Amino acid sequence: WLKFGIRARRVLSFPPRCRRAMRPYVLHIHERPLTLVKFNYDGDFFISCAKDGDVALIRTETCERIGTYSIPGEKQGAVFAVDITMDSKYVVTAGADGKLIFYTFEGEKAGVLNHGGILRFVEFNQKPGEQNMVVTCNDKLKTQSEGQVPNRIMVWQADFTKEQPLKRILSIDSALPMKATKVKWGPFDETLVSIDEEGTVIIWDALNGKQLHVIQAHNMAVTSLNFTGDRMLMITSSKDMTAKLWTMDTYECVKTYKTDRPLNDAAISPLVEAEKKDQKYHILMGGGQDAKEVTTTAASSGKFEALLYHMIYEEEIGSIKGGFGPLNCVAWFRDGRGFVTGGEDGYVRCHHFDNDYFTSKKFE
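So the sequence shown is numbered by my numbering: it starts at 1 and just counts up by one.
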């Protein structure tokens, strides 16, 4: 399962005293746009997936590729999502071909589910030691073999200790107003949270699929949703150039972050939950001018930088230069000491923060 030959390079390296700026590792692992970057729970590895069908496992510290997840002899279509269990035992991928593929962390195939439709997202449930369910969402698709597959949100049991490891538990289709682009588990696995292209966030009951709450969150398509570690705060990003912070007990918008570009992803720093002396109330956002218009502008005017905002004061702290296309996904290191971005240009950029980030007053 291992494929070597990574092209990773340190862009420029200065001695510590004269280093003027944070220099990222630039990884040319994918040939097509990135769709998701996901860290394991311990934070020592992350997985990137892209529209070229490659799913790569990368070591966080050195940014070297360990290998790729694939079934021998098969070339996968675009992979839109990937997830890892907390104990780093299993990996699941969701592809445009409608297949949900489970691997062991070492790369052995554990199971394949012909889900149907164009799979957009997948996520394991959040109960430590008992991550035996996944939630998925798919776009409708008509095929000769399966007929018409509607827009759906589904929950599957994925327990590989059982004889029948993959079993359907829940399906939400007729109650779905339009296709969900992403769906995640809410706090304590009691709810499901979905987003769509009309700017709405919908909360569903995870047991019976009943619609509990509808939030008109944005004026344009919601592009992503992410949580704090305890899932009690949620951040959504949108094409309407804003990101919003929500409480998950009252579903109230508490902060709005206004930018000058369409946003594709936003994430909350894990240091929000750190001890007081290490706390950083920071939000990371990425986006930029739409990909189909990129060729007509310079990189500077396309606004492809990653943005760092203060979570409480709603002010921009700084920006970190991106690539030559919009940023599709951003993810913090699990210890908050850096971040990874995935771009439309197929590059993964791995940024380790300088000491200034932890010592300077302006980053408090």
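Beta carbons are placed, not taken as given, at the ideal position from N, Cα and C, and that holds for glycine.
From a predicted model like this one, the values you see are computed outputs, not experimental measurements.
Within a Cβ cutoff of 7 Å, which residues of the same chain sit near E364, ignoring the five residues on either side of it in sequence?
none
May I ask which residues mark the beginning and end of the alpha helix (DSSP H) holding Y357?
D356 to T359
Kindly indicate the opening and closing residues of the beta strand (DSSP E) around E123.
I118 to F124
When DSSP labels each residue in this structure, what does F304 get in the three-state scheme?
coil
CB-CB under 6 Å to D354, same chain, minus the five flanking residues each way: which ones, in chain order?
M22
Could you tell me how far apart the beta carbons of G342 and G325 are, in whole angstroms, since I believe they sit closer than 8 Å?
With 8 Å as the limit, G342 and G325 do not qualify as a contact, their Cβ atoms being about 11 Å apart.
Which same chain residues end up closer than 7 Å to G43 when comparing Cβ atoms and leaving out the 5 residues on each side of it in sequence?
T60, F333, R334 and D335
Alpha-carbon to alpha-carbon, V272 and L225
17 Å
Compare the Cα-Cα distances from E146 to each of N132, G129, H115 and I153 and report the closest residue.
H115
Straight-line gap, F4 to M248 (C-alpha atoms, nearest Å)
In this prediction, F4 has a pLDDT of 38, which is less than 50 and means its spatial position is unreliable; nothing more can be read from the coordinates.
Suppose the cutoff is 8 Å on Cβ atoms and the five residues either side in sequence are ignored; what does the same chain contact list for V149 look like?
G98, G116, G117, N138, K140, L141, K142 and T143
For H352, which residues from the same chain have a beta carbon less than 6 Å from its beta carbon, with the 5 sequence-adjacent residues on both sides left out?
G338
State the Cα-Cα distance for the pair A175 and N132, rounded to the nearest angstrom.
25 Å
Residues that D83 bridges to, as DSSP identifies them:
V92
Counting pairs of beta carbons, one from the stretch 165-181 and one from the stretch 122-130, are three or more of them closer than 8 Å?
no
Can you tell me whether DSSP reads G346 as helix, strand or coil?
coil
What does DSSP give as the partner residue(s) for N226 in the beta ladder?
I235
Might you give, ordered along the chain, the residues of its own chain that have their beta carbon closer than 8 Å to the beta carbon of L235, omitting 5 neighbours on each side?
Checking the displayed sequence, the identity of residue 235 turns out to be Ile instead of Leu. Taken in chain order, the residues that qualify are L225, N226, F227, A243, K244, L245, W246, A266, A267, I268 and I283.
Rounded straight-line distance, which links the Cα of E64 to that of V112
28 Å
In the DSSP assignment, find the unbroken beta strand (DSSP E) run with N194 in it and report its ends.
According to the sequence shown, residue 194 is Ser rather than Asn. That run of the beta strand (DSSP E) goes T191 to D196.
Give the C-beta separation of I317 and L308 to the nearest angstrom, bearing in mind that I take them to be a contact with Cβ-Cβ under 8 Å.
4 Å
Consider the Cβ of E190: report whether some Cβ of chain C lies at a distance smaller than 9 Å.
Protein chains in the displayed structure number just one, and chain C is not present.
Alpha carbon to alpha carbon, what distance is there between D356 and T181?
38 Å
Cutoff 6 Å; reference K179; Cβ partners in own chain excluding five residues on either side
D139 and N151
Selection from S360, K361 and G323 that minimises the alpha carbon distance to V348:
G323
What would DSSP say about F353, mapped onto helix, strand or coil?
coil
Does the distance from the CB of F39 to the CB of A331 come in under 9 Å?
yes
Euclidean distance between Cα positions of E163 and V55
28 Å
Mapping the DSSP letters down to three states, classify F45 as helix, strand or coil.
strand
Taking Cβ positions, are S88 and F105 nearer each other than 9 Å?
yes
P24 and C350 closer than 9 Å at C-beta
yes
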